[in-house]
Amino acid sequence: MLPSVNSLRFRLFVLVLIALIPALGLTLYTGLKQQEAAASDVEQDALRISRLAVSSQEVLIDSTRYLMTSLASNPLVLDSESGECDRVLAGLVKQFPDYAILGVAGPQGEVYCASMDIGQAANAAHQPFFTQALQSGQFVVGDYTLGSDNKMYLPMAYPILAPDNSLHGMLIAVLNMAWLDRVMEEANLPERSAILVLDQDGPVITRIPDPENWAGKNLREETVVASILNRHDSGTIQAIGLDGVRRLYAFTPLLTSDQTTSYLATGLSTEIAYAEVNRTLFTNLTVLSIVA
Numbered sequence: 034m035l036p037s038v039n040s041l042r043f044r045l046f047v048l049v050l051i052a053l054i055p056a057l058g059l060t061l062y063t064g065l066k067q068q069e070a071a072a073s074d075v076e077q078d079a080l081r082i083s084r085l086a087v088s089s090q091e092v093l094i095d096s097t098r099y100l101m102t103s104l105a106s107n108p109l110v111l112d113s114e115s116g117e118c119d120r121v122l123a124g125l126v127k128q129f130p131d132y133a134i135l136g137v138a139g140p141q142g143e144v145y146c147a148s149m150d151i152g153q154a155a156n157a158a159h160q161p162f163f164t165q166a167l168q169s170g171q172f173v174v175g176d177y178t179l180g181s182d183n184k185m186y187l188p189m190a191y192p193i194l195a196p197d198n199s200l201h202g203m204l205i206a207v208l209n210m211a212w213l214d215r216v217m218e219e220a221n222l223p224e225r226s227a228i229l230v231l232d233q234d235g236p237v238i239t240r241i242p243d244p245e246n247w248a249g250k251n252l253r254e255e256t257v258v259a260s261i262l263n264r265h266d267s268g269t270i271q272a273i274g275l276d277g278v279r280r281l282y283a284f285t286p287l288l289t290s291d292q293t294t295s296y297l298a299t300g301l302s303t304e305i306a307y308a309e310v311n312r313t314l315f316t317n318l319t320v321l322s323i324v325a
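Residue numbering for the sequence shown follows the working numbering, starting at 34 and increasing by one per position.
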C-alpha cells in the first residue's frame, strides 16, 4: 500500500528528496566537469604524441640529408667498380636500422651499389623521387610507397655532382616505419590506443597496431579518415576507429614532399580516458541513493 500524501512518512520522503536534489545536481555537474577536464587532458596528450611523431620524422629526414651530403664526397661510395661501396652502405644500415636500404644509382638510374642484394637489373629512373631530384639537382623526399612486403617506405634522393658540376650519380635512401614504432613505445600509450598515418588521397600509410592489415588500403570513405583529411590542418575529433573502438583523435600534417601531404593521428580510447571519472560518478550516485 502506498503511503497517503498526507501521511508523515510521505512528507518525510518529500523533505529528504528535496534535500537531495541539490546534492544530485551538484554530483551530476561535477561529473560533467570532470569529464570535460578528462577530455581536455586526453586531447593534449594525443596532440603531444602526434607532434612528437612529426618531429621525429623531421629529425630523421634532416639526418638523412646530412648523411647523404657526407656520402656524396666519400671515394668508396663514388667508386662503382671495387665493391667497397656495398660494404660501406651495408654497414650504415646495420648501424642505423631506420633505413630499409641505402643505394647509389648512375645518371641513367642503374643501381650499381646497395646495402643489400637487389638484383643486377635494378633501376630507379622510373621512380618519381629520382626524377624530381634529377630535375631539381637537390635533395628530395619522395612519397610513401607500398613495398612488395605490404609495408610502407619513404624514399629520398640526393644528386652526386662531379667536379665539373655534371651528374655523377644519385644517392638513394629508403626509410622504413621503425621510427614510428619507437615513438609509440616511448610514449607509453594506454591500452586500445592507435596511431594512424594517412595519405591526403585516402590510402593508409600505416596504422599501429596491425600495420600489415591496413597499409595501402584506400579508406577515404571511412568516417574517421574523411574527418581527418577534410580538415586540411591540425585538429581533434571523436570518432569510431577502423577497428570499431571510439577514440579521441588528435591529428597534424606530416609533410613528405612539395607535392603531397600526409597526416598523422593519435587516437586514445574514450572509454579508458573516462573510466576513472565514470567510476567516481557512479560511486557518488550510489552513495546518494543509499542515503535516500
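We put the beta carbon where it would ideally sit given N, CA and C, even for glycine.
*Enumerate in chain order the residues of its own chain whose CB-to-CB distance from D2 is below 8 Å, with the five nearest sequence positions on each side excluded.*
There is no way to answer for residue 2, as the model of the chain reaches only from 34 to 325.
*Please determine if the region 270-290 and the region 217-237 are in contact, where contact requires at least 3 C-beta pairs separated by less than 8 Å.*
yes
_Other residues of its chain near V87: CB distance less than 7 Å, five sequence neighbours each side excluded_ = Against the sequence shown, residue 87 aligns to sequence position 54. So the list reads T285, L287 and L297, once near-sequence residues are dropped.
*For the beta strand (DSSP E) containing D232, list its first residue and its last residue.*
Here residue 232 refers to the residue found at position 199 when the sequence shown is read from its first residue. That run of the beta strand (DSSP E) goes A227 to D232.
*Can you round the beta-carbon distance between I134 and A147 to whole angstroms, since I take them to be within the 8 Å contact cut?*
Counted from its first residue, the sequence shown places residue 134 at position 101. Counted from its first residue, the sequence shown places residue 147 at position 114. A Cβ-Cβ distance of about 6 Å is found for the pair I134 and A147, placing them in contact under the 8 Å criterion.
_Less than 8 Å between CB atoms is the rule here; does L85 satisfy it with respect to chain C?_
No chain C appears in this structure, which consists of one protein chain only.
*Is the CB-CB distance between T269 and A283 below 8 Å?*
Stepping through the sequence shown from its first residue, residue 269 is reached at position 236. Stepping through the sequence shown from its first residue, residue 283 is reached at position 250. In this structure, A283 lies closer than 8 Å to T269 by Cβ.
*asked:* What does the Cβ neighbour count give for S199, buried or exposed, with the cut at 16 atoms within 10 Å?
replied: Stepping through the sequence shown from its first residue, residue 199 is reached at position 166. With fewer than 16 other beta carbons inside 10 angstroms of its own, S199 counts as exposed.
*Under the three-state DSSP convention, the category L35 falls into*: Locating residue 35 in the sequence shown gives position 2, counting from the first residue. Confidence is the limiting factor: at L35 the pLDDT is only 48, short of 50, which leaves the residue's position unreliable, though a coordinate-based value still follows. Correct three-state label for L35: coil.
*Take the Cβ of D326 as the centre, count every other Cβ of all protein chains shown within 10 Å, and call the residue buried at 16 or more, exposed below.*
Outside the displayed range of the chain (34 to 325) lies residue 326, so it cannot be described from this structure.
*Alpha-carbon to alpha-carbon, A206 and A190*: As a position in the sequence shown, residue 190 is number 157, starting the count at 1. As a position in the sequence shown, residue 206 is number 173, starting the count at 1. Roughly 6 Å separates the two Cα atoms.
*asked:* For a test of the three-state rule: what should DSSP assign to P108, helix, strand or coil?
replied: By one-based count along the sequence shown, residue 108 stands at place 75. The answer is helix: DSSP assigns P108 an H, G or I state.
*Pull up the CB-CB distance for F163 and M203, whole angstroms please, since I reckon it's below 8 Å.*
The residue labelled residue 163 in the question sits at position 130 within the sequence shown. The residue labelled residue 203 in the question sits at position 170 within the sequence shown. Going by Cβ atoms, the distance from F163 to M203 rounds to 6 Å, so yes, they are a contact pair.
*To the nearest angstrom, how far is it from the Cα of K127 to the Cα of L111?*
Here residue 127 is taken as the residue at index 94 of the sequence shown, counted from 1. Here residue 111 is taken as the residue at index 78 of the sequence shown, counted from 1. Between K127 and L111, the C-alpha separation is close to 20 Å.
*Does the Cβ of Y132 have 16 or more other Cβ atoms within 10 Å, making it buried, or fewer, making it exposed?*
Here residue 132 corresponds to residue number 99 of the sequence shown, with the count starting at 1. For Y132, the number of other beta carbons within 10 angstroms of its own is at least 16, and it is reported as buried.
*Hey, how far is the Cα of V216 from the Cα of S83?*
Your numbering for residue 216 matches position 183 in the sequence shown. Your numbering for residue 83 matches position 50 in the sequence shown. About 9 Å.
*Taking Cβ positions, are A157 and G170 nearer each other than 8 Å?*
Mapped onto the sequence shown, residue 157 falls at position 124. Mapped onto the sequence shown, residue 170 falls at position 137. Not in contact: A157 and G170 (Cβ atoms no closer than 8 Å).
*Compute the beta-carbon to beta-carbon distance between S326 and W212, rounded to the nearest angstrom, for a pair I have assumed lies under 8 Å.*
Lying before the first or after the last residue shown, residue 326 is absent from the chain, which here runs from 34 to 325.
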